[in-house]
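Worksheet: the structure to be examined is printed underneath.
Residue numbers (my numbering): 52 to 459.
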């Protein structure tokens, strides 16, 4: 009998150990705040019933630059927070330094708003555009790029919350520009990371990885470094660290980059993600196929398998004021494309419609709780495979509540 009891105990302990990080996922209070502000509905009742979990890690939740609603983006601290919240996938936006090393930064030229570089005189002097104070009606200016400094210099910087005060007279005033709906409570010591360091950290955390090849803001080739070499180097750093290709989702807004990966790195082809930012350069209408060039079928025929547009492109409002899939979303699914949406919780409070990310449904968005309604439509009606979020606990709460697949 004692042997049988011990055997059963071992089996139970083994089963518990295989539960995917359920004991370590902490969603915090924000999902509860969002749910409590929802209007009465079946969805609200369902989400409230899940208040005690269990919550687990899920690939449905992607940490967009980590967890930058409260932690400086693309820092070790931000990544750790996102993983703790249940993000099964973490993002390193990839830019390159003066010595052609890859680093995690949302833009090649955002160091003046996302780091303390302007407060480090010897590095500030190397910026493409050194700090110029506001004067005579002219806004304060600065432009500091990863390509202005070496990797070693980059790693001496500290990450801060993205923002700048364009009315600043001094550097200190300029750096004090965090939007008032974020916080500087955790922004005093952001640890910057190279791309290689992010890979090692993500392996340690047991998460999947979605690097985005950022568009260069210098002329290419850069000191002999071509766009193709840049795109290849990003993938090579995963191979060098023995990361299985199925755990990597390379992304780019540049369709040529995606086609390069598909053609030259077929092992990554099915996971390569085309980020759709065509609305920035054309009059793209999510409900008018004639404005989508190339078409969904053309993208699929070129080998694209995952399409990632902003949230607003995937949603529309029907005659009954319900949020529904857009024609863009329906056409993408019909063509065989998988979808990823970006970026939840990137806007401030939604009381005025939510801004850019919710522009197609702004007429029915009036409070923060509507965010959960958007997640529900994206999950159930649009059937996206994942959602980028600046606070991934919101998405992991929803996914856990709906018994969506756990990350493995």
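Think of the CB as a built atom: it goes at the ideal place given N, C-alpha and C, for glycine as much as any other residue.
Query: Please look up how many angstroms separate the CB atoms of residue 146 and residue 197, rounded, as I've assumed it's under 8 Å.; Result: 5 Å
Query: Checking 8 Å against the spacing of the C-beta atoms, do residue 139 and residue 258 come in under that value?; Result: yes
Query: Do residue 168 and residue 206 have their beta-carbon atoms positioned less than 8 Å apart in this structure?; Result: no
Query: Span of the alpha helix (DSSP H) holding residue 109?; Result: Segment 109-114 is the beta strand (DSSP E) holding residue 109; no alpha helix (DSSP H) there.
Query: Can you tell me which of 136, 97 and 390 puts its alpha carbon nearest to the alpha carbon of residue 360?; Result: 390
Query: Assign residue 121 to buried or exposed, taking buried as 16 or more other Cβ atoms, counted over all protein chains shown, within 10 Å of its Cβ.; Result: buried
Query: Grab me the residues of residue 441's own chain with a C-beta within less than 8 Å of its C-beta, minus the 5 sequence neighbours each way, in chain order.; Result: 115, 116, 118, 119, 120, 394, 395, 396 and 397
Query: Here's the rule: buried if 16 or more other CB atoms are within 10 angstroms of the residue's CB, otherwise exposed. What is residue 324?; Result: buried
Query: Got a sec, what are the start and stop residues for the beta strand (DSSP E) residue 382 sits in?; Result: It is not in any beta strand (DSSP E) - residue 382 instead sits in the alpha helix (DSSP H) that spans 378-385.
Query: Taking the continuous beta strand (DSSP E) assigned at residue 222, which residues delimit it?; Result: That residue, residue 222, is in no beta strand (DSSP E); its alpha helix (DSSP H) goes 222-226.
Query: Hey, how far is the Cα of residue 286 from the Cα of residue 358?; Result: 19 Å
Query: Going by C-alpha to C-alpha distance, which of 178, 187, 184 and 388 sits closest to residue 200?; Result: 178
Query: Residue 442 lies in the beta strand (DSSP E); which residues open and close that run?; Result: It is not in any beta strand (DSSP E) - residue 442 carries neither H nor E in the DSSP assignment.
Query: Since residue 176 and residue 185 are thought to touch, with beta carbons under 8 Å apart, how far apart are those beta carbons, to the nearest angstrom?; Result: Not confirmed; about 20 Å, so no contact.
Query: Looking only at C-alpha atoms, which of 243, 148, 248 and 351 sits nearest to residue 202?; Result: 148
Query: Comparing the CB of residue 92 with every heavy atom of the ligand SAM, is any distance shorter than 7 Å?; Result: Ligands are entirely absent from the displayed structure, and the ligand SAM is therefore not among its contents.
Query: Report the residue ranges of all alpha helix (DSSP H) runs contained in full by the stretch 152-189; include only those spanning at least 4 residues, in chain order.; Result: 162-165 and 172-175
Query: Please list the segments of the beta strand (DSSP E) lying wholly inside the stretch 320-354, counting only runs of 3 or more residues, in order along the chain.; Result: 324-326
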